[in-house]
Amino acid sequence: MRIRDSIKIAVSGVIHAKMRSFLTMLGIVIGIASVILLMSIGGSAQALIINQVKGIGSNLIFVIPGATKSGRFSAPASTQGIIIKTLVSGDVDALSRNPAIVAISPEVRGQAKIVYGNNDTDVTYLGVDSAFFPMRNFNVTEGSTFSSRDVDAYEHVVVLGSETAKTLFGGYNPVGKTVRLKDVSFTVIGVLEKKGIGAFGIDQDNIAILPLSVGQKQMLGIDYYTDITLQVSDAYNADFAKQRVTSIMRESHGITDPNKDDFTVRTQEDALSMLGTITSVLTLFLTSIAAISLIVGGIGIMNIMLVAVVERTREIGLRKAVGATTGDIMQQFLWESVILTMLGGLIGILIGSFFTVLVYLVLTYLVKMDWVFVLPSSAIWLSVGVSTITGIIFGLYPSREAARKDPIEALRYE
Amino acid sequence: MIHLHNLEKTYSEDGEVTKALRGISFDIKKGEFVAIMGPSGSGKSTLLHLLSFLDRPTGGTYVFNNKNVTTLTDFEMAHIRNAEMGFIFQSFNLLSRFSVFENVAMPLMYSPHVSVTHRKKLVERAVASVGLEEKLYSEAGKLSGGQKQRVAIARALVNDPDVIFADEPTGNLDSVSGAQVMGILHQLHENGRTVILVTHETYTAQFADRLIHIKDGLLESDEPIKKSRKTKEEFFK
Chain A
45 MRIRDSIKIA VSGVIHAKMR SFLTMLGIVI GIASVILLMS IGGSAQALII
95 NQVKGIGSNL IFVIPGATKS GRFSAPASTQ GIIIKTLVSG DVDALSRNPA
145 IVAISPEVRG QAKIVYGNND TDVTYLGVDS AFFPMRNFNV TEGSTFSSRD
195 VDAYEHVVVL GSETAKTLFG GYNPVGKTVR LKDVSFTVIG VLEKKGIGAF
245 GIDQDNIAIL PLSVGQKQML GIDYYTDITL QVSDAYNADF AKQRVTSIMR
295 ESHGITDPNK DDFTVRTQED ALSMLGTITS VLTLFLTSIA AISLIVGGIG
345 IMNIMLVAVV ERTREIGLRK AVGATTGDIM QQFLWESVIL TMLGGLIGIL
395 IGSFFTVLVY LVLTYLVKMD WVFVLPSSAI WLSVGVSTIT GIIFGLYPSR
445 EAARKDPIEA LRYE
Chain B
-14 MIHLHNLEKT YSEDGEVTKA LRGISFDIKK GEFVAIMGPS GSGKSTLLHL
36 LSFLDRPTGG TYVFNNKNVT TLTDFEMAHI RNAEMGFIFQ SFNLLSRFSV
86 FENVAMPLMY SPHVSVTHRK KLVERAVASV GLEEKLYSEA GKLSGGQKQR
136 VAIARALVND PDVIFADEPT GNLDSVSGAQ VMGILHQLHE NGRTVILVTH
186 ETYTAQFADR LIHIKDGLLE SDEPIKKSRK TKEEFFK
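These protein sequences, in sequence, are chains A and B. Under my numbering, think of the first position of the first sequence as 45, with each following residue one higher. Under my numbering, think of the first position of the second sequence as -14, with each following residue one higher.
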């Protein structure tokens, strides 16, 4: 029997019972639509995070206080809120002397209420060196950033994040105005361009950036740093630079046994790889849950195909009488099952794509996120493949039952 | 064409053994029109199933066109049914959701050597031979009983079989439609086709050249039918 004839008969069977075919397909439609949507959202989230990590600058290396245990995903204790005081000015001096490092900015961080007139808001304030701004792509839309002289001179100047400026000053230009942070007065010298949510979920628009000296000594009263950001020359490979930074830090801290490191060095690639893996695992997990509905859908297909085999017993008998072989009958019912699941898969792809576009539009235009539209072709091919395989697997048993029918018994069936 | 020797068929169900055929022997030559008659439960349907390769004997020998059924696989039997046999059933067995064309074309779907374009020609010719050209693309389910049986005859003829098996072909028809169907079978026989008819109606059997009587799974009689033009004329009237 020609495949064309098998498909024609199978299509006719599907069309003949339109409503039943549609209801049977529904499980597959929902399953495939969910897989498409979740894979797309996962892909978009991954692209968004990668853009954010790349957006914080290029060739960056971060030195974080506290050791990291072996394992890719272990985090230094400092990132879990434990205060570690191992990063000090001597480290910055040692690192600065290395020719591979083109820029360096130690950072301190705190939380406080910032006040202007009757307006106030809670912000994260950063104490940084002047190199921080170009290194981290923090550009101003109003005024300017501070210089290293301002840092050395303990100038009480502040650069505000776009959202902080908006909250405190509405639509007015804040440059030259005085704000209070923990009851210390600062002159606003610049407003940053909108940056959005940064890597690791930090709101980069609701911040106040102060000279490192002021932030560290006067605001926090500490003599250590929260972290150190370095920019290495393009001429150096990231892994090589990481090794150099690690050895300088060990030397600076007098560490000879790598197991006794009291700091962690991470490159942007490390962060990208870690975040990429996390989002991939999350996507896989969510997609696996969606795939369960495909199994449920497949069982529905099997059930309805078994009903179809019983209903069409006489047809099977007739086809066998006029020369259909066991293989011909099996092929016919298998095609019917595959057509049901493939059709369900295609409708699922369309619905899933529709919702992917909808999510993009809502997040971009209503929530104002820098959402990236991702509809991976792998999701589409996977859906087509999975729906076809579902049809074959769950159609196999009913088809076998049909093919095994005795022609005489089948012809007598009422 | 057909050679039966001591053919037996025994069914076993729940330990109970039923002998449907208990050793039947006869030959049928090419071009013969044979009627098989017998009371209900005599084994005539079982005999037809064995003759038409829908079932296998449990004893004896059946040779069809020099092929011994006991040596054939299911696959080979299916191919012989497709290429060398045509079937007409009492209940028509048409697929009502398909057109006349699609119903008649069904045996050709299982003939790998018939191309799609040739298939169309063969179907048109078969449908024309039963006088239903104008119904070629009508839905089979919407035809009258007589038309349905004519479509079934076209389906039986489409692959140009050596033998046509007709199982009570007029059983579900009124007398006018029954006469039309028997007229077509008569015409097929006149054209040299072998026809094997199972019936319980004496007047239908009168169309055959030879009448085989079965009773209790045994051959009761096998004799030629005296030609009676009057009977046929009466029937066609």
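Every residue, glycine too, gets a C-beta built ideally from N, C-alpha and C. Given the structure is predicted, the values throughout are model-derived calculations rather than measurements.
Could you name the residues that DSSP lists as bridge partners for residue i?
| i | result |
| --- | --- |
| residue 6 (chain B) | B:-6 |
| residue 147 (chain A) | A:275 |
| residue 234 (chain A) | A:187 and A:203 |
| residue 197 (chain B) | B:21 and B:207 |
| residue 111 (chain B) | According to DSSP, which records beta bridges pairwise, residue 111 (chain B) is partnered with nothing at all. |
| residue 109 (chain A) | A:307 |
| residue 98 (chain B) | Answer is none; residue 98 (chain B) lacks a bridge partner. |
| residue 13 (chain B) | B:-13 |
| residue 148 (chain B) | B:70 and B:179 |
| residue 102 (chain A) | Answer by DSSP bridge pairing: none, since residue 102 (chain A) is not bridged. |
| residue 142 (chain A) | Bridge partners of residue 142 (chain A): none, in fact. |
| residue 223 (chain A) | A:230 |
| residue 1 (chain B) | B:-2 |
For residue i, which residues in chain A fall below 8 angstroms Cβ to Cβ?
| i | result |
| --- | --- |
| residue 207 (chain B) | Neighbours of residue 207 (chain B) on chain A: none; closest Cβ ~25 angstroms, over 8 angstroms. |
| residue 157 (chain B) | Within 8 angstroms Cβ-Cβ: nothing; residue 157 (chain B) doesn't reach chain A, min ~14 angstroms. |
| residue -8 (chain B) | Here the premise fails: no neighbours, minimum Cβ distance about 16 angstroms. |
| residue 34 (chain B) | 452 |
| residue 59 (chain B) | 369 and 370 |
| residue 110 (chain B) | Residues of chain A passing the Cβ test: none, with the nearest at roughly 17 angstroms. |
Mind listing the chain B neighbours of residue i? Cutoff is C-beta to C-beta under 7 angstroms, in chain order.
| i | result |
| --- | --- |
| residue 45 (chain A) | 94 and 95 |
| residue 354 (chain A) | What residue 354 (chain A) touches in chain B: nothing, since even the nearest Cβ is about 16 angstroms away. |
| residue 368 (chain A) | 63 and 95 |
Hey, quick one: how far does the alpha helix (DSSP H) through residue i stretch, first residue to last?
| i | result |
| --- | --- |
| residue 94 (chain B) | 85 to 94 |
| residue 188 (chain B) | 187 to 190 |
| residue 444 (chain A) | 421 to 447 |
| residue 31 (chain B) | 29 to 36 |
| residue 132 (chain B) | 130 to 142 |
| residue 179 (chain A) | 176 to 179 |
| residue 411 (chain A) | Unbroken run through residue 411 (chain A): none, as it is neither H nor E. |
By the criterion of Cβ-Cβ separation under 8 angstroms, what are the contact partners of residue i in chain B?
| i | result |
| --- | --- |
| residue 453 (chain A) | Those within 8 angstroms of residue 453 (chain A) in chain B number zero; the least Cβ separation is about 10 angstroms. |
| residue 56 (chain A) | 82 and 83 |
| residue 378 (chain A) | Per Cβ cutoff of 8 angstroms: no residues; residue 378 (chain A) is ~16 angstroms from chain B at best. |
| residue 70 (chain A) | Near residue 70 (chain A) there are no residues of chain B at all, since even the closest Cβ is about 23 angstroms away, more than 8 angstroms. |
Could you check what DSSP says for residue i in three-state terms: helix, strand or coil?
| i | result |
| --- | --- |
| residue 80 (chain B) | coil |
| residue 418 (chain A) | coil |
| residue 251 (chain A) | strand |
| residue 70 (chain B) | strand |
| residue 156 (chain B) | coil |
| residue 137 (chain A) | helix |
| residue 453 (chain A) | helix |
| residue 156 (chain A) | strand |
| residue 239 (chain A) | coil |
| residue 121 (chain B) | coil |
| residue 228 (chain A) | strand |
| residue 129 (chain A) | coil |
| residue 331 (chain A) | helix |
| residue 217 (chain A) | coil |
| residue 105 (chain B) | helix |
| residue 56 (chain B) | helix |
| residue 211 (chain A) | helix |
| residue 458 (chain A) | coil |
| residue 358 (chain A) | helix |
| residue 40 (chain B) | coil |
| residue 202 (chain B) | coil |
| residue 116 (chain A) | Here residue 116 (chain A) scores only 49 on pLDDT, less than 50, and its place in the model is too uncertain to base an answer on. |
Specify, as a first and last residue, the run of the beta strand (DSSP E) that residue i falls within.
| i | result |
| --- | --- |
| residue 44 (chain B) | 44 to 49 |
| residue 171 (chain A) | 163 to 172 |
For a contact defined as C-beta to C-beta under 9 angstroms, what are the partners of residue i on chain B?
| i | result |
| --- | --- |
| residue 359 (chain A) | 78 and 80 |
| residue 384 (chain A) | Result: empty, since nearest Cβ-Cβ is about 17 angstroms, beyond 9 angstroms. |
| residue 372 (chain A) | 63, 94 and 95 |
| residue 330 (chain A) | Those do not exist, as residue 330 (chain A) stays about 42 angstroms from chain B at its closest Cβ, beyond 9 angstroms. |
What residues of chain A sit near residue i, judged by a beta carbon separation below 7 angstroms?
| i | result |
| --- | --- |
| residue 39 (chain B) | 365, 451 and 452 |
| residue 72 (chain B) | 365 and 366 |
Listing by chain order, which chain A residues have their CB less than 9 angstroms from the CB of residue i?
| i | result |
| --- | --- |
| residue 49 (chain B) | Those do not exist, as residue 49 (chain B) stays about 15 angstroms from chain A at its closest Cβ, beyond 9 angstroms. |
Inset, instruction - Tell me the start and end of each unbroken alpha helix (DSSP H) in the stretch 46 to 78 of chain A that is at least 4 residues and wholly inside, in chain order. - result: If we require 4 residues or more, the alpha helix (DSSP H) runs fully inside the stretch 46 to 78 of chain A come out as 47 to 60.
Legend entry - Continuous alpha helix (DSSP H) assignments of at least 4 residues falling wholly in the stretch 254 to 321 of chain A: Counting only runs of 4+ residues, the alpha helix (DSSP H) found wholly inside the stretch 254 to 321 of chain A occupies 282 to 297, in chain order.
Legend entry - Complete alpha helix (DSSP H) runs within the stretch 365 to 406 of chain A (minimum length 4 residues, chain order): At a cut-off of 4 residues, the continuous stretches assigned as alpha helix (DSSP H) that sit fully inside the stretch 365 to 406 of chain A are 370 to 405.
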